[in-house]
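Engineer:
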Amino acid sequence: MPEYTDILTETHGRVGLVRLNRPKAMNALRSQLLAELLDALRAFDADDAIGAMVITGSERAFSAGADIKEMADATAVDLMNRGLSDGWHRISAIRKPIIAAVSGFALGGGCELALLCDLIVASETAQFGQPEITIGVIPGAGGTQRLTRILGKALAMEMVLNNRFLKADEALQHGLVNRVVPVESYLDEALKLAGEIAARAPVAVRLGKEAINKAYELSLAEGLAAEQRAFYLLFSTEDQKEGMSAFVEKRVPVWQGR
Ligand code: HXC
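To convert, note that position 68 of the sequence shown is 73 in our numbering; the numbers rise steadily by one, no gaps.
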């Protein structure tokens, strides 16, 4: 991995970990940070030794959102020319599963970054919010769409129009996060979950993620057809033969990732 200024990267077995590392700025997502994050995620995505990724911030803040100081004087055309949204789309194109390990504030673009991930492990102190309305704008990296699909219209409206924060237990109750754990263990829990997924049949994991994400894009009929094709495709993998033989032979399968 290259030298980064705004993030730190580590590997834990087959899990690639990215720590957002602008603690003094509450991990505000300036363009440098987003570029480095995307670069690191892509490198992990391309690495056969990695099966899943975790993105985390600090205990106090996963991220307080896009960097307001960087954005404040921008014109609409500046944002377009900078390709402000492109990086976000590229993160959603990462093929291996990404888990957000969230503690403290996940606000604005920070909340949207967590929503772009495939699973979220939250600490008891996590708070999710879209406070853009308080600075005269609205979410710009998927918040209005992804929150509404997950939480429904009523709660999404309160969050986006009236700066309603969701605490960790509410986020769990509404299906925004997978689990809530004490602050001492949220990162370990996320790494453990990522490690478990990373130990599974890689091609099936990738196609499973892709198929579930299609549920947000396609009609039921189209989504079912896509799932069926992915299911058939897996019968051309060595891992499908290995998985089913291992079951019949009562042994643990050994995955090849092909
Ligand atoms: C730039 C930020 C920042 C942000 C915090 N800081 N959030 N800098 N962009 N989003 C900086 C503060 O300026 C301050 O720097 C330092 O981090 C600590 O923050 P404090 O406010 O002093 O801490 P605290 O009182 O604990 O409050 C924490 C907070 C608050 C509740 C998270 O900082 C806050 O409300 N932040 C803004 C949240 C927000 O509006 N996010 C949405 C951004 S718009 P100094 O130098 O003063 O010490 C967005 C759109 C996405 O995300 C669009 C994507 C395309």
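Backbone N, C-alpha and C fix where the C-beta goes; we use that ideal spot for every residue, glycine too.
Under a three-way DSSP split, which group does S224 fall into?
Structural biologist: Residue state, collapsed to three classes: coil.
Engineer: Can you check whether the CB of N32 is closer than 8 Å to the CB of A66?
Structural biologist: Yes, the Cβ-Cβ distance between A66 and N32 is below 8 Å.
Engineer: Whether or not the stretch 101-111 and the stretch 155-166 are in contact is what I'm after, with contact meaning three or more pairs of Cβ atoms, one per stretch, closer than 8 Å; do they touch?
Structural biologist: The stretch 155-166, when compared against the stretch 101-111, does not touch it at the 8 Å Cβ threshold.
Engineer: Skipping 5 residues on each side, what residues in its chain have a beta carbon closer than 8 Å to that of R19?
Structural biologist: Excluding positions up to five away in sequence, the list reads A54, I55, G56, A57, G200, A203 and A204.
Engineer: Considering V165, what are the terminal residues of the alpha helix (DSSP H) in which it resides?
Structural biologist: Taken as a continuous stretch (DSSP letters only), the alpha helix (DSSP H) holding V165 covers K158 to N167.
Engineer: Between the Cα of L71 and those of F240, L171, V208 and Q135, spot the shortest distance and give me the residue it belongs to.
Structural biologist: The sequence as given places Ala at residue 71; Leu does not occur at that position. Closest by alpha carbon: Q135.
Engineer: Ligand 1 heavy atoms versus the CB of F110: any closer than 7 Å?
Structural biologist: Yes, ligand 1 has a heavy atom inside 7 Å of this Cβ.
Engineer: Report the option in S97, L120 and E75 whose CA atom is closest to the CA atom of A106.
Structural biologist: The candidate whose alpha carbon is nearest that of A106 is L120.
Engineer: Whole alpha helix (DSSP H) runs in the stretch 166-218 with 4 or more residues, listed along the chain?
Structural biologist: DSSP runs (the alpha helix (DSSP H)) wholly in the stretch 166-218: 173-178 and 191-203.
Engineer: If the criterion is Cβ atoms closer than 8 Å, does the pair A231 and A216 meet it?
Structural biologist: Yes, Cβ-Cβ distance for A231 and A216 is below 8 Å.
Engineer: I'd like to check one pair, V208 with D244: are the Cβ atoms closer than 8 Å?
Structural biologist: Yes.
Engineer: Enumerate in chain order the residues of its own chain whose CB-to-CB distance from F170 is below 6 Å, with the five nearest sequence positions on each side excluded.
Structural biologist: Excluding residues within five positions, the ones whose Cβ falls inside 6 Å are Q132 and G134.
Engineer: Given a threshold of 16 other Cβ atoms within 10 Å of its Cβ, counted over all protein chains shown, does E41 qualify as buried or as exposed?
Structural biologist: Classification for E41: buried.
Engineer: Could you check if G109 is buried or exposed, using at least 16 other CB atoms within 10 Å of its CB as the buried criterion?
Structural biologist: Classification for G109: buried.
Engineer: Using C-beta distances below 6 Å, list every residue in its chain close to E15, excluding the 5 sequence neighbours before and after it, in chain order.
Structural biologist: Counting only Cβ-Cβ distances below 6 Å, and skipping sequence neighbours, we find L22.
Engineer: When you compare each of T139, D52, R95 and E64 to K268 by their alpha carbons, which one comes out closest?
Structural biologist: Past the boundaries of the shown model lies residue 268; the chain is included only from 6 to 263, so the question cannot be answered.
Engineer: Compute the minimum distance between the beta carbon of E175 and the heavy atoms of ligand 1, and state whether it is under 7 Å.
Structural biologist: It does not: the Cβ of E175 is nowhere closer than 7 Å to a heavy atom of ligand 1.
Engineer: Throw me the rounded Cβ distance for the L43 and I12 pair, which I believe falls under 8 Å.
Structural biologist: Not a contact, Cβ separation roughly 10 Å.
Engineer: Are the CB atoms of L112 and A69 within a distance shorter than 8 Å?
Structural biologist: Against a cut-off of 8 Å, the Cβ pair of L112 and A69 comes out as a contact.
Engineer: Does Y191 pass the burial test, meaning 16 or more other C-beta atoms within 10 Å, or should it be called exposed?
Structural biologist: With 16 or more Cβ atoms within 10 Å of its Cβ, Y191 is classed as buried.
Engineer: Is T139 near ligand 1, judged by its Cβ being under 7 Å from some heavy atom?
Structural biologist: At least one heavy atom of ligand 1 is nearer than 7 Å to the Cβ of T139, so yes.
Engineer: Based on Cα-Cα distance, which residue from I143, V59 and Q178 lies nearest to D193?
Structural biologist: The shortest C-alpha separation from D193 is found at V59.
Engineer: Residues in its own chain within less than 7 Å of L223 by CB, not counting five upstream and five downstream?
Structural biologist: Around L223: A231.
Engineer: Could you spell out the range, first to last residue, of the beta strand (DSSP E) harbouring E15?
Structural biologist: Residues I12 to H17.
Engineer: Say yes only if the C-beta of S90 is nearer than 7 Å to one or more non-hydrogen atoms of ligand 1, and no if none qualify.
Structural biologist: Within the cutoff, so yes.
Engineer: Do you know offhand how far R154's Cα is from G88's?
Structural biologist: Each residue's Cα considered, the two are about 25 Å apart.
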